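I have placed the structure first, in the form of structure tokens, so that the comments after it can refer back to it.
Protein chains: 2
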Amino acid sequence: MSPNHPFDPLTPREIAKAADIVRNAFPGVTPSFRVVTLKEPAKVEMVAFLENKANRTIKRPERVARVQVSIVESEENKFVELWVDLDHSVILKNEHLVGKHPYIDSDYMQAVENACLADERVQEQIAYLQLPDNARVVVEAWAYATDGTKDMSQRTSMCWFYMRLLDDIDANYYAYPLDVCAEVSEELKVTKIYQLPSSPEDRIHKEPRPFDRRKIHGAEAEYSPGLRTSPRTTTKPYQVLQPEGPSFKTKGNHLEWEKWSMHVGFNYREGLTLHDIRYEGRSLFYRISLAEMFVPYGDPRTPYPRKGAFDLGNDGAGINANDLQLGCDCLGHIKYFDGWHTTTSGVPLKLPNVICCHEQDDGILWKHTNFRTKNAVVTRSRILVLQTIITVSNYEYIFAFHFGQDASIHYEVRATGILSTCPIDIGDNVPYGTIVAPGVLAPYHQHLFSLRMDPAIDGYENSLQIEESHAMPVDVPSFDHTGKSHAQINSYKNPFGVGYETRSSIIESEGGLDLDFTTNRTFKIINESIINPVTGTPVGFKLLPAYSQMLLAYPDSYHSKRSEFGKHAVWITRYNDEENFPSGRHTMQSIGGDGIATAIQKRAGTEESLVRNKDIVVWHTFGSTHNPRIEDWPVMPSEKMVVGLKPVNFFTGNPGLDVAVSTQERNRSVLVDEDNDVNLKSDCCKL
Amino acid sequence: MSPNHPFDPLTPREIAKAADIVRNAFPGVTPSFRVVTLKEPAKVEMVAFLENKANRTIKRPERVARVQVSIVESEENKFVELWVDLDHSVILKNEHLVGKHPYIDSDYMQAVENACLADERVQEQIAYLQLPDNARVVVEAWAYATDGTKDMSQRTSMCWFYMRLLDDIDANYYAYPLDVCAEVSEELKVTKIYQLPSSPEDRIHKEPRPFDRRKIHGAEAEYSPGLRTSPRTTTKPYQVLQPEGPSFKTKGNHLEWEKWSMHVGFNYREGLTLHDIRYEGRSLFYRISLAEMFVPYGDPRTPYPRKGAFDLGNDGAGINANDLQLGCDCLGHIKYFDGWHTTTSGVPLKLPNVICCHEQDDGILWKHTNFRTKNAVVTRSRILVLQTIITVSNYEYIFAFHFGQDASIHYEVRATGILSTCPIDIGDNVPYGTIVAPGVLAPYHQHLFSLRMDPAIDGYENSLQIEESHAMPVDVPSFDHTGKSHAQINSYKNPFGVGYETRSSIIESEGGLDLDFTTNRTFKIINESIINPVTGTPVGFKLLPAYSQMLLAYPDSYHSKRSEFGKHAVWITRYNDEENFPSGRHTMQSIGGDGIATAIQKRAGTEESLVRNKDIVVWHTFGSTHNPRIEDWPVMPSEKMVVGLKPVNFFTGNPGLDVAVSTQERNRSVLVDEDNDVNLKSDCCKL
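The listed protein sequences derive, respectively, from chains A and B.
Numbers in our numbering are just positions in the first sequence, counted from 1, shifted up by 9.
Numbers in our numbering are just positions in the second sequence, counted from 1, shifted up by 9.
Here's what the structure looks like:
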């Protein structure tokens with residue numbers, strides 16, 4: 010095998026080798042490969058490797074593939090996970106995952122759609138609608154979100170119906186939700202056909218009615234360039250010039266930029282992952298990734314409670330990553346990373362350009378003008394962006410890590426794409442959805458993300474400190490000090506009622522915690538054994554959370570049981586090699602009890618639940634309660650959510666103090682004069 | 010007079026004319042001019058003017074100057090405000106502002122510093138310190154923040170002492186806070202000399218001690234290029250090219266860009282102001298500006314409670330605006346606006362380049378990939394930035410309005426500059442400050458901003474709606490529906506416990522309101538009389554607040570009484586021509602009772618307190634509880650705070666739907682290959 014870095018994703022050769030080994034393990038059976046991905050090394054081995062790079066006696070951890078296959082054995086569908094040691098060509102583990110379902114199989118979902126359309130009763134329902142002649146019916150199959158009414162041993166799919174009226178295959182069919190819904194079984198049989206409710210009271214079976222022609226839209230419902238009205242022409246071109254090239258360097262998946270170093274990873278499920286993140290060689294994070302996201306819909310009416318998507322666990326941020334295009338998704342000098350996956354037959358499958366890496370200007374990093382001398386010193390902030398964009402049916406998510414010259418990390422999520430829609434009669438309305446076009450309801454829903462941060466703040470044993478700012482107690486009845494003596498006033502601790510102080514505590518056991526901006530509650534990941542020589546306090550990084558409403562579904566609901574991480578904004582757990590996903594490894598039709606809260610509860614009271622000065626993981630739940638605006642239609646302007654990590658008494662001063670001063674010589678800006686004229690020729694030579 | 014737009018700041022000619030008229034009003038007296046600024050037209054007149062531009066019978070409102078002068082009459086210092094009608098050369102008002110003080114006079118503060126240094130007792134204190142031979146003592150005079158111990162009829166100044174050790178006049182003297190503090194009277198007499206506390210217990214007078222030589226720093230305490238260590242050279246140049254020039258157009262202070270139009274204003278106090286903001290001609294905001302900011306310090310020990318700066322009311326965001334430099338503060342094509350102020354003798358004073366206007370790329374505006382066809386459509390977001398940067402002694406603030414193609418407005422504040430410091434003995438520490446260098450304490454403090462939004466959502470009578478997202482009531486004991494019939498389940502309102510709805514109310518009376526992210530509490534400014542034709546709900550804009558801790562000082566403290574706006578995050582008031590500042594018009598040594606809460610209380614119960622379907626003003630208090638990190642030293646990396654305003658069911662679809670698709674032809678990005686090579690020559694011609 011090639012001498013890969015232990016964090017490198019599996020290479021095509023490794024994928025093929027793993028598939029070969031697995032095939033040989035099932036003689037006479039054709040496994041359907043769902044996953045062939047790196048099983049990351051045990052952390053204890055990996056830390057030894059990272060911390061002793063110079064020491065050649067430390068062995069590189071074995072390359073191990075995590076393989077998941079579906080097989081049919083004795084007429085039984087089996088879902089099996091295997092761990093394959095690629096260095097020694099041995100299978101370390103072969104486990105039948107009883108009661109679990111693999112993540113969504115797009116070939117199967119296509120078959121579900123076809124089965125639906127081939128069904129006579131479905132066609133009968135469609136016929137009732139008396140659709141326009143030029144209508145093409147489009148079926149969208151969704152994984153069934155557990156609502157407690159189905160047998161869970163088999164897959165169930167929910168099919169939502171739309172139509173498009175134009176011959177253009179990129180016409181926006183979400184603008185035409187139809188009043189048909191079908192449930193399809195594992196065996197591709199339509200097991201139930203639903204009619205959909207309109208008003209809140211409209212809950213019973215009703216006579217099918219023809220499609221209401223008043224619901225036919227024009228170009229305002231289309232986003233595709235050929236279908237919408239002509240674009241505005243007022244936006245002049247804007248280009249980024251980097252005459253000396255980018256400031257970053259990559260070697261394989263190792264990335265260096267402005268005192269930062271890290272290893273870029275990728276897998277079918279989380280998509281972009283980051284490993285061994287260091288600044289000036291000091292370790293900060295062992296691993297950071299988006300670990301899960303859940304999109305529950307708030308429409309209470311059957312069958313809508315079956316809409317609740319685990320976009321990572323069910324769909325996969327890696328599998329669904331866009332093939333990013335030069336000049337479209339970013340500006341400037343762009344480096345792309347490819348990903349590798351597997352076909353169902355175990356052949357390596359390239360996922361091209363799934364990650365892009367580029368720099369951005371981020372305005373002013375710091376500035377000071379000495380008001381006595383009028384001398385201004387200003388530096389500009391450059392950031393490094395690692396970005397991936399995923400499409401999950403109708404929605405898009407843009408995930409980007411921003412690294413700063415001030416040693417900050419920001420994780421920016423943008424939600425865009427098209428709202429999931431359902432039909433509503435003209436004249437009706439509901440308190441859990443927005444009418445975005447005649448007959449089109451965009452139901453309320455939440456997006457809950459879980460960012461998993463495995464810290465290594467100057468070492469692998471860290472603690473989580475909570476700090477709040479509180480007014481100091483007062484011991485005087487009034488703050489009018491007229492007539493009081495200096496000595497009198499000075500004898501009080503907070504004599505003018507303006508004093509405030511920080512109070513902090515360190516978390517001792519695993520658990521879920523909440524945000525509170527009213528006390529400036531701050532979560533710091535610290536290393537209690539490394540004391541900052543100047544401040545006298547432990548070195549640390551603080552979380553800048555995204556303040557978000559948590560899951561609205563009731564604790565007893567399946568949505569809630571399945572997405573335990575949605576209950577609290579911050580979770581702290583003890584590190585465990587197999588605990589990467591806060592809703593469990595298998596979310597498809599999960600019924601709960603696999604999540605972070607359950608894991609914590611199982612360990613409660615034991616030594617394994619202690620998290621002070623231990624190898625810990627911090628998880629941040631954030632997102633949005635997305636009650637659509639009509640401005641989100643027919644395609645949503647990006648909705649930004651940002652989480653930050655900043656050093657707090659980690660260094661001995663501003664880490665960006667040495668950034669060079671901003672000058673016109675390097676930046677070559679152009680003056681726009683009174684008459685809005687610019688000297689276009691001079692922009693590259695004037696000082 | 011020139012035919013200015015009624016929102017245009019006073020021209021130099023107008024300033025000179027106003028000064029002439031005022032001089033004539035005080036025969037035999039030499040007024041010291043502090044303010045000669047536009048008194049904006051009465052809104053009722055202005056609205057008539059704006060809404061009837063085509064109708065030539067509507068008169069342009071008179072140009073009126075608001076003038077503030079200090080005069081000495083019969084040996085009494087008087088502070089006088091005059092309103093001068095410049096069209097008719099008459100004084101409309103001449104009011105002696107009894108008990109009020111003008112904002113900081115930098116000439117006077119310079120005199121205070123000189124008086125301090127000239128004082129023998131001060132020199133004696135300095136002598137005790139036995140400073141190094143190459144030390145230069147620097148005095149920084151601050152306005153006295155009321156603590157209830159001083160006679161308020163006269164100005165008091167607090168002088169803080171520092172030194173610099175280098176001959177370079179840009180050496181960072183904040184790195185050397187000295188253990189001396191002086192109080193100076195209106196008549197430039199040193200009335201008190203303080204020693205400063207070190208540990209929390211160190212509150213009494215003590216023997217003066219020599220400056221501790223262990224507190225001498227090296228280059229790590231310097232930010233000035235000539236003094237700090239050599240800059241990093243890894244950051245490659247990054248330039249913005251706009252080959253067809255900018256997309257904005259200005260005519261005087263009128264600005265148009267991408268369907269937006271607005272009028273840019275400027276005054277000595279608020280700095281940048283925005284007027285008559287429209288999108289596609291529809292009015293959104295009559296006026297938006299930063300109305301106040303307060304920076305209270307949290308160190309409870311005398312004399313530190315006297316540190317509490319109203320950076321707008323006392324100092325002025327206009328007066329202290331930086332002269333922005335091409336290629337330093339922004340990239341790309343930049344248009345600058347100058348401001349005009351007055352000298353103390355009433356001569357127009359140019360404040361050059363106080364506002365800059367430019368465009369930025371802001372990543373992806375919207376994207377969708379049709380997963381069936383793999384066709385991706387992506388548009389890039391261009392924003393227009395209007396920026397001003399102010400220096401208030403040690404600190405810098407970068408204020409920027411960002412206008413988006415999706416009709417969003419974001420207000421971004423960046424705090425940078427140098428921390429205010431005080432001395433601490435080596436070995437001591439306090440719970441209300443961070444030791445950022447040996448002997449240097451950076452005390453905790455808050456930055457509280459008040460953004461004043463005068464809405465005109467499709468008209469001038471608006472309401473404030475509060476909307477929250479709540480789980481719907483459940484009426485079933487368990488969410489396990491196995492065995493229940495479809496009809497049974499359907500009879501429940503929220504049968505699976507996943508339903509949620511929005512609940513809203515409209516504010517009827519003036520008051521202060523709080524944020525609550527746990528209920529997704531959303532503040533919408535709506536026009537109840539304009540109903541969106543598609544959604545069926547009133548048109549509106551929503552506030553995206555910055556979640557911040559409110560003022561920590563006790564309600565009875567002077568800090569609190571003086572900064573009433575710091576008690577709540579959102580305030581709603583009825584519009585009033587003279588109510589622009591939430592801590593009152595005169596904050597210098599104010600004693601409270603001039604703020605927004607008092608004004609509201611005075612009107613409580615009257616017709617004037619009603620705010621539904623009225624001409625209203627919404628104020629947002631936000632900021633940071635800034636407990637310094639050592640990473641903020643010796644100069645702070647920008648700390649960003651962002652407030653947003655977004656249309657919510659105002660349009661009939663995504664206002665950025667017509668933005669042209671992103672193409673490499675226009676964007677000309679450059680591919681970085683495996684070996685980190687780029688074809689540098691090709692970056693302007695490759696497709």
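Even for Gly, the Cβ is constructed at its ideal location relative to N, Cα and C.
A quick note: this is a predicted structure, and the numbers were derived from the prediction, not measured.
For residue i, three-class secondary structure by DSSP
i: A:Ala578; result: coil
i: B:Ala27; result: helix
i: B:Thr615; result: coil
i: A:Pro464; result: strand
i: B:Glu104; result: strand
i: B:His14; result: coil
i: B:Met55; result: helix
i: A:Ala416; result: coil
i: B:Asp692; result: In this predicted model, B:Asp692 has a pLDDT of only 39, less than 50, meaning its place in the structure is not dependable enough to derive any value.
i: A:Gln134; result: helix
Span of the alpha helix (DSSP H), counted from its first residue to its last, around residue i
i: A:Ile609; result: 605-612
i: A:Met302; result: Segment 291-305 is the beta strand (DSSP E) holding A:Met302; no alpha helix (DSSP H) there.
i: A:Glu674; result: 673-676
i: A:His568; result: 567-571
CB-CB length for residue i against residue j, believed under 8 Å
i: B:His577; j: B:Asp525; result: About 12 Å separates the two Cβ atoms, so there is no contact after all.
i: A:Asp320; j: A:Tyr469; result: A:Asp320 to A:Tyr469, Cβ: 30 Å. No contact.
i: B:Ile639; j: A:Thr661; result: 6 Å
i: A:Pro6; j: A:Val439; result: There is simply no residue 6 of chain A to check, as chain A begins at 10 and stops at 696 in what is shown.
i: B:Val644; j: A:Asn663; result: 6 Å
Span separating the alpha-carbon of residue i from that of residue j
i: A:Asn331; j: A:Thr400; result: 7 Å
i: A:His367; j: A:Phe412; result: 11 Å
i: B:Phe550; j: B:Gln396; result: 23 Å
i: B:Glu253; j: B:Ile343; result: 13 Å
i: B:Val422; j: B:Pro547; result: 31 Å
i: B:Pro18; j: B:Arg72; result: 10 Å
i: B:Arg315; j: B:Glu510; result: 49 Å
i: B:Asn323; j: A:Val543; result: 34 Å
i: B:Pro50; j: B:Pro70; result: 6 Å
i: B:Glu301; j: B:Phe590; result: 6 Å
Limits of the beta strand (DSSP E) - the one that residue i falls within
i: B:Ser115; result: Not the beta strand (DSSP E): B:Ser115 falls in the alpha helix (DSSP H), residues 115-127.
i: A:Lys655; result: 645-657
i: B:Gln474; result: 472-480
i: B:His342; result: 342-351
i: B:Glu161; result: The sequence given here places Met at residue 161 of chain B; Glu does not occur at that position. From DSSP, B:Met161 is part of no beta strand (DSSP E); its letter is neither H nor E.
Sequence-distant residues of its chain with Cβ nearer than 6 Å to residue i (five each side left out)
i: B:Gly355; result: Ala28, Phe42
i: B:Glu104; result: Glu90
Neighbourhood of residue i by C-beta, 7 Å cutoff - its chain only, sequence neighbours within 5 removed
i: B:Ala555; result: Phe631, Met650, Val651, Val652
i: A:Val148; result: Glu122, Cys125, Leu126, Cys168, Phe170
i: A:His456; result: Met302, Val304, Ala424, Gly632, Ser633, His635
i: A:Tyr584; result: Lys52, Asp463, Asp624, Ile625, Val626
Same chain, Cβ closer than 8 Å to residue i, five either side skipped, listed in chain order
i: A:Ser98; result: Lys26, Ile30
i: B:Ala120; result: Leu197
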